[in-house]
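Numbering (this note's numbering), first residue to last: 1 to 253. The beta-carbon is built from N, C-alpha and C at its ideal position, and this holds for glycine as well. Since the structure is predicted, the reported quantities are computational estimates derived from the model, not experimental observations. Encoded as structure tokens, the structure appears first; notes follow it.
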């Protein structure tokens, strides 16, 4: 009788140890899944190559550095288009309603003013939009120019290859230059409709406008030098129309 009690006691103790081990393994599994998920969400969902240079890592670290401040307010899905020059696309930077809001107010301003510019552009100030650009570029709002909204119809919108930075003169080497170009597409344009942005010095890299997406590129190299590789051009609209808003960000206020 005493043998059976001792035997059952050992069995119960073994079960407890077994259950403890199982629970321990479950906890470890959940922790591992959490770490993997956080790793995938890191760097603001930036899609990157596995082999990055030091300058490229610094760029991604800059995105990550202020992520905790933006968490819950802004969430950007960034796609790396090029590392040299540094070109990114922020998917769904604006919602459909936000795009329509910008178009509506800009159209009213365009109709109320006379312009000689063929692209029918108008300077607009949307504080909420400028704040979001500041969050994406990690530079203060005061460094930005006002948003320049353009509306291109059939046969319009063509611009020859150009750079957005100002070329310093011999007398003004410390010019407060445009270091970032930030363009948000306000309506969707198919390849057959035209309106693409092309970088001829990067094997004719072509960006197709997609509503709500933002094209974001640095006009300078990581070392701070003006980068002629950012030379770009826009193609004419063949069918329909195209709307966009561009903000240029300076190195200081």
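Sequence-distant Cβ neighbours of residue 183 in its own chain, meaning closer than 6 Å and more than five residues away, are 215, 244, 246. Spatial neighbours of residue 94 in its own chain (CB-CB distance under 7 Å, excluding positions within 5 residues in sequence) are listed in chain order as 184, 212. Residue 239 and residue 152 have their C-alpha atoms some 10 Å from each other. Membership of residue 153 in any alpha helix (DSSP H) is not indicated, and neither H nor E is assigned to it by DSSP.
Judged by DSSP secondary structure, residue 100 falls within the alpha helix (DSSP H) whose first and last residues are 96–111. CA-to-CA, the gap between residue 194 and residue 208 works out to about 8 Å. Beyond the five residues adjoining it in sequence on each side, residue 130 comes within less than 6 Å, by CB distance, of 141, 144 in the same chain, given in chain order. With respect to the C-alpha of residue 135, the residue from 90, 100, 123 having the closest C-alpha is 90. Here residue 210 has 185, 188 as same chain residues with Cβ atoms under 7 Å from its own Cβ, once five neighbours each way along the sequence are excluded. Relative to residue 179, the option among 251, 82, 191 whose CA is nearest is 251.
The shortest C-alpha to C-alpha distance from residue 231 to any of 206, 80, 110, 253 is the one to 206.
The secondary-structure analysis by DSSP pairs residue 89 across a beta bridge with 79, 215. Rounded to the nearest whole angstrom, the C-alpha separation of residue 146 and residue 126 is 8 Å.
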